[in-house]
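Remarks on the structure that follows.
Protein chains in written order, with the working numbering: chain A, -9 to 236; chain B, -9 to 236.
Here's what the structure looks like:
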């Protein structure tokens, strides 16, 4: 049986404060848990509805504890109303670990909406981008809505957090930044290596980062909307760059 | 002053049931209200923080009533925590009104996430698509999260609701449908007129609609995610088709 103190821990992990104190986060649903079992994330414990046991992948790591619980209670202690099969307690990665570079990285300045960050992670995973560097004021990677909307992709894409001024000061990669009314991205021949920089939902890229942009790029439409959602903009650029992503 | 019965009405409009009974919905924030003042939506009443009066566009329609309220109470009766300037009560359009066709329309089968529908409306507005036809089981257009994430674009794009089987049976436009593992959309020469059909977040396009698809199309990546978010897929296709959208 799962103890009262564990229920208390699980409930506390809905809040960023307690995720940071405990260096743990929650994962909900068998599908997500199975994806994370294939990753380098460390699962501490899986709490499972007994009838869902056969859906769980065989555990390669014998240190993972399993407990059983009834479905009604699972949805009451987790975040997802529809979750009745499983919850896992997972160790957070160090957001400041050393960045391993690939030829293209995505840098996000001030993404605040958890659905946007999750969707960007999912799209990066689709196109083979393995690195996302977020500014310090971004939404928390381990926010349940980020995890959920990434559809498991957070386990395959490395997400780091950095002070972006310091990051760009130390870095000499070619930076493409999306700025309204600049060069049409379809007319650009993207270099073999680079960084794709996207800005906050309402303010765009911070003005103090503009000097680090080597090429300002834009997406053009024929309609009347003032702007595109940032998850949409990043996907359009990634689709354009995909042939050179390694 | 705003009456108790009006506060009750406004609070009730958070629920679809009461939106349908009253044929009214809520709009929050001066920016959205100003955009809708430019549209063919009919605003019944605007409830305004007095200090925000100068931000409101001049009203061309003298039938619109204005009331004042203090900011703290505004955020407590509306949906948006951050809204302290204005709320409007707006008349819903008839979802079943006659469709006015343009050369390209977007058809959505079973979109359930309000953020996705709002983002798709915004993207359609960006690319100049004026028609979206939603299946009957889609999320409500007037859900506050749909309205909010459309960033005002719902006032410029016509959104209709239809039984899609009946709709396709009566319609002879060429239908492009996104289905995994079919023809790469970059290799397709899109016709001058057509319909772009996108499916539900988890199930895709309903199997009983597949027979109406004239050309199955796919988006390809190099990564490991199982699929793309539907708002992302639709944006990629729209960017491809944009040159022929009129």
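By construction, the Cβ of each residue, glycine as well, lies at the ideal position given by its N, Cα and C atoms.
**Report entry** residue 175/A and residue 208/A closer than 8 Å at C-beta
**Finding:** Contact check for residue 175/A against residue 208/A passes: the beta carbons are separated by less than 8 Å.
Report task. Compute the distance between the beta-carbons of residue 213/A and residue 211/B, then report whether it is under 8 Å. Result -> No.
Query raised in the report: For the candidate residues 98/B, 3/B, 43/B, 25/B, whose alpha-carbon lies nearest to that of residue 67/B?
Result: The option with the nearest alpha carbon to residue 67/B is 3/B.
Requested in this report: Could you work out which residue in 232/B, 12/B, 203/B, 29/B is closest to residue 50/B when comparing CA atoms only?
Outcome: 29/B
**Report entry** Reduced DSSP secondary structure (H/G/I, E/B, other) of residue 215/A
**Finding:** coil
**Report entry** Inter-stretch contact at 8 Å, needing at least 3 Cβ pairs: the segment 195 to 202 of chain A / the segment 215 to 235 of chain B
**Finding:** no
Query raised in the report: Which partner residues does residue 81/A have in the DSSP bridge list?
Result: 14/A
**Report entry** For residue 95/A and residue 18/A, the rounded distance between their alpha carbons
**Finding:** 28 Å
Requested in this report: Using a threshold of 8 Å, state whether the C-beta atoms of residue 187/B and residue 129/B are closer than that.
Outcome: no
Query raised in the report: Cα separation between residue 54/B and residue 170/A?
Result: 35 Å
Query raised in the report: Rounded to a whole number of angstroms, what is the C-alpha to C-alpha distance between residue 88/A and residue 126/A?
Result: 16 Å
Query raised in the report: According to the Cβ coordinates, are residue 105/A and residue 139/A closer than 8 Å?
Result: yes
Query raised in the report: Using a beta-carbon distance below 8 Å, is residue 218/B in contact with chain A?
Result: yes
Query raised in the report: Can you give the Cα-Cα distance for residue 76/A and residue -4/B, rounded to whole angstroms?
Result: 44 Å
Query raised in the report: Which residues in chain B sit within 7 Å of residue 19/A, going by Cβ to Cβ distance?
Result: Going along chain B, no residue has its Cβ under 7 Å from residue 19/A, so there is no contact; the nearest lies around 12 Å.
Query raised in the report: What is the rounded straight-line gap between the Cα of residue 1/B and the Cα of residue 10/B?
Result: Between residue 1/B and residue 10/B, the alpha-carbon positions lie close to 14 Å from each other.
Query raised in the report: Near residue 93/A, which residues of its chain fall below 8 Å by C-beta distance, leaving aside the five closest residues on each side in sequence?
Result: Excluding the 5 residues flanking it on each side, residue 93/A has same chain C-beta neighbours closer than 8 Å at 182, 183, 184, 234, 235, 236, in chain order.
Query raised in the report: Based on Cα-Cα distance, which residue from 56/A, 57/A, 101/A, 8/A lies nearest to residue 149/A?
Result: 101/A
Query raised in the report: What did DSSP end up calling residue 24/A once you bin it into helix, strand or coil?
Result: helix
**Report entry** C-beta neighbour in chain B for residue 146/A, strict 8 Å
**Finding:** yes
Report task. Take residue 59/B and list the residues in its own chain whose beta-carbon comes closer than 6 Å to its own, dropping the five residues that flank it on each side. Result -> -8, 37
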